[in-house]
Amino acid sequence: MGAKPDMFEVGPYSYRETTIYNYKVPGSFLKDGTEFTYTKTTKYEFDPATSCQGCSENDTFIMPDILFFKLADVLLDPEAVCTLLSSIFNPDSPVQSNCLDSPVDGELETVLNIILRVLLKDSNFTIGDHPIELLCDLLSVMITADGGGPFLPIKVHEILWDGYNDPIVSRLILEIERIFESALNITLPDISTPPVAINQKVKTSLPYTMNTGTNNYLQTGAVLLYNNSKTLPDAFWNGWQCHVNDTDSCIPPQHLDIMDLSAKAFASEASTTSASNCECEVCSNETASLASKLKGTTGDFFHALVEKSDRLSVLVDDICRTMDFIYQEESKVQDIDTYRFIIDPSMFSSSNHDNCGYCRKLPRDMYGREAGSYCLPDGVLDLSGCEQLNADIIVSNPHFYGAAKEVRQMFPYLKQDANQDQTTLDIEPTTGTVLAANKRLQINYLFKNYPGPFQALTSGVYPILWLNESYMMDPHTHDQIKSEIHMKRKMISTSDSSGSQMSRDRRK
Numbered sequence: 004m005g006a007k008p009d010m011f012e013v014g015p016y017s018y019r020e021t022t023i024y025n026y027k028v029p030g031s032f033l034k035d036g037t038e039f040t041y042t043k044t045t046k047y048e049f050d051p052a053t054s055c056q057g058c059s060e061n062d063t064f065i066m067p068d069i070l071f072f073k074l075a076d077v078l079l080d081p082e083a084v085c086t087l088l089s090s091i092f093n094p095d096s097p098v099q100s101n102c103l104d105s106p107v108d109g110e111l112e113t114v115l116n117i118i119l120r121v122l123l124k125d126s127n128f129t130i131g132d133h134p135i136e137l138l139c140d141l142l143s144v145m146i147t148a149d150g151g152g153p154f155l156p157i158k159v160h161e162i163l164w165d166g167y168n169d170p171i172v173s174r175l176i177l178e179i180e181r182i183f184e185s186a187l188n189i190t191l192p193d194i195s196t197p198p199v200a201i202n203q204k205v206k207t208s209l210p211y212t213m214n215t216g217t218n219n220y221l222q223t224g225a226v227l228l229y230n231n232s233k234t235l236p237d238a239f240w241n242g243w244q245c246h247v248n249d250t251d252s253c254i255p256p257q258h259l260d261i262m263d264l265s266a267k268a269f270a271s272e273a274s275t276t277s278a279s280n281c282e283c284e285v286c287s288n289e290t291a292s293l294a295s296k297l298k299g300t301t302g303d304f305f306h307a308l309v310e311k312s313d314r315l316s317v318l319v320d321d322i323c324r325t326m327d328f329i330y331q332e333e334s335k336v337q338d339i340d341t342y343r344f345i346i347d348p349s350m351f352s353s354s355n356h357d358n359c360g361y362c363r364k365l366p367r368d369m370y371g372r373e374a375g376s377y378c379l380p381d382g383v384l385d386l387s388g389c390e391q392l393n394a395d396i397i398v399s400n401p402h403f404y405g406a407a408k409e410v411r412q413m414f415p416y417l418k419q420d421a422n423q424d425q426t427t428l429d430i431e432p433t434t435g436t437v438l439a440a441n442k443r444l445q446i447n448y449l450f451k452n453y454p455g456p457f458q459a460l461t462s463g464v465y466p467i468l469w470l471n472e473s474y475m476m477d478p479h480t481h482d483q484i485k486s487e488i489h490m491k492r493k494m495i496s497t498s499d500s501s502g503s504q505m506s507r508d509r510r511k
């Protein structure tokens, strides 16, 4: 068990967000006007005036190095290395549920012997017991000797938008390629990793097709198709779920593309524990498919006549899933009465069975739970299965608000505030228009320890940054909403008055 990590918070770093909705009239309207298709382009521009005093996008922080962990999952984890090398050099040999229990023989033995001789600089070295563990230890030593590790100085604009490269990881990849080419006469595919960033300064969404509410006002804004599909893309969750009929043969798929490091890590982690007891035994295909189900709106607006008892679903494509919102309290935006909705806390609960499609077995012992047991504690959402992110990204409320005690205890300096750490939607209920919103999420990374120098790392969820995407209606929207509310209330009042008169007429 390693020591507790420490951290401090600096910010905010503010950006002006501009969203452009892309559509054609009348071409975007389909099926007699009952459906509407569009994309949206979002741009961000740094705003020093509303950022912390003296803060710059060039400020540097010591942050979790995502590239290190992606590489470590493949090259420092003996089980992952065993699975990778066996799939390349002994593809026809059966691999046991624990790859390290399989015999090291044939071409794999020859290759390991050559690689270890090169690394040890000992031409007389003969392979012995635990050669794969030895290989991982040597690679760990190479990384630490070069100053590498799980943390790296990263600039704000690099982690947010432009991406960063880890020079030590890059050098290690070049060294591995050199060994394979010089010692084995094997040219590996390009295994260099692209720069890593959390977001993009300019991005265009996949196309949404939504219901216009013409035939049923309660369906106004409901997403019918996402990228022309009735479900979320296969790359989001389908490769994560268990789609078999016979649980006894429930073997996770093996990803053999050496260029996809994160897929490699998943294959190795799953294979260590899932061969005889995989996800489909605790999460049926029917329930797991809920993770890929299209539900709700994009959150830009909702149907008219919103009630406090409504459960409002929002597709948040940034995190590859739908989040449900529930009523919290009455609120007011400027001089307009609104209902405030917040994310249903059950969305962050691993004990909520509807979330099992997002749940995986833990790759390490953490939070008092053994490796191979299911799900992170309550309060953190595992997005590792979403290949769109291509990393072990975990999201939570800022400062782990609402998370299990064991998660919060790892970072005792983080203080939770219910008013500042929850996503909120302030909705004018008559029209269903969102007048103000605060999308508050914390981006975290799943740390894992590895044999050798990195054994002392405390496995768990480590914060990277938290964000608040805020929205407030402009004056034009304010005037328009006031006019619509007045007109609808006048219509309702007139209707009620006419109805009363008719009743009196009948009684005469």
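Per our numbering: the sequence shown = residues 4 to 511.
Think of the CB as a built atom: it goes at the ideal place given N, C-alpha and C, for glycine as much as any other residue.
{"Asked": "Where Q419 falls: helix, strand or coil (DSSP)", "Found": "coil"}
{"Asked": "Assigned exposure category for I322 - 16 Cβ within 10 Å defines buried", "Found": "buried"}
{"Asked": "Residues near R509 by beta carbon distance below 8 Å, same chain, minus five either side", "Found": "Any reading at R509 needs caution, since the residue's pLDDT is 36, under 50, leaving its predicted position unreliable; the model's value is listed next. Excluding sequence neighbours, R509 sits near nothing in its chain."}
{"Asked": "C-beta contact flag for G299 and V226 at 8 Å", "Found": "yes"}
{"Asked": "Neighbourhood of T325 by C-beta, 6 Å cutoff - its chain only, sequence neighbours within 5 removed", "Found": "K298, G299, S316 and L318"}
{"Asked": "Within 8 Å, strictly: CB atoms of D68 and L155", "Found": "yes"}
{"Asked": "Terminal residues of the beta strand (DSSP E) in which N288 lies", "Found": "Premise fails: N288 lies in the alpha helix (DSSP H), N288 to A291, not in any beta strand (DSSP E)."}
{"Asked": "Selection from T45, N441, P8 and N219 that minimises the alpha carbon distance to Y474", "Found": "N441"}
{"Asked": "Reduced DSSP secondary structure (H/G/I, E/B, other) of A440", "Found": "strand"}
{"Asked": "Cutoff 6 Å; reference R411; Cβ partners in own chain excluding five residues on either side", "Found": "F403"}
{"Asked": "At least three beta-carbon pairs within less than 8 Å, the segment 305-315 to the segment 432-452", "Found": "yes"}
{"Asked": "As assigned by DSSP and simplified to three states, the class of N400", "Found": "coil"}
{"Asked": "Simplified DSSP assignment, three categories, for M564", "Found": "Residue 564 lies beyond the range of the chain shown here (4 to 511); nothing can be said about it."}
{"Asked": "Distance CB(Y416)-CB(L79) smaller than 8 Å", "Found": "no"}
{"Asked": "Limits of the unbroken alpha helix (DSSP H) element including S173", "Found": "P170 to L187"}
{"Asked": "Range of the contiguous alpha helix (DSSP H) that encloses R120", "Found": "G109 to L123"}
{"Asked": "Cα-Cα separation between I171 and D132, rounded to whole angstroms", "Found": "30 Å"}
{"Asked": "Burial state of A439, where buried means 16 or more other Cβ atoms lie within 10 Å", "Found": "buried"}
{"Asked": "Three-state class that DSSP yields for F11 in the structure shown", "Found": "coil"}
{"Asked": "Neighbour-count burial assignment, L209, 16 or more Cβ in a 10 Å radius", "Found": "exposed"}
{"Asked": "Contact between the segment 351-368 and the segment 382-389 (3+ Cβ pairs under 8 Å)", "Found": "yes"}
{"Asked": "Any chain C beta carbon closer than 8 Å to L141", "Found": "The structure shown has no chain C; it contains just one protein chain."}
{"Asked": "With 16 other Cβ atoms within 10 Å as the buried cut-off, status of N447", "Found": "buried"}
{"Asked": "In DSSP terms, what E472 is bridged to", "Found": "K442"}
{"Asked": "Beta-carbon proximity of L175 to L74, cut-off 8 Å", "Found": "yes"}
{"Asked": "Closest Cα partner of I396 within the set L70, E472 and D347", "Found": "L70"}
{"Asked": "Cβ shell of L115 (< 8 Å), same chain only, five flanking positions each side left out", "Found": "L88, V107, I130, P134, I135 and L138"}
{"Asked": "Per-residue DSSP class, three states only, for K267", "Found": "At K267, the pLDDT of 36 sits below 50, so the modelled position is not reliable; the number obtained from the coordinates is stated separately. In the structure shown, K267 sits in a helix (DSSP, three-state: H, G or I)."}
{"Asked": "Own chain, CB closer than 6 Å to K158, minus 5 neighbours either side, in chain order", "Found": "N61 and T63"}
{"Asked": "Residues of its chain near K311, where Cβ-Cβ distance is below 7 Å and the 5 sequence neighbours each way are ignored", "Found": "Y330 and Y342"}
{"Asked": "Residue range of the alpha helix (DSSP H) that includes T301", "Found": "Per DSSP, T301 belongs to no alpha helix (DSSP H) and is neither H nor E."}
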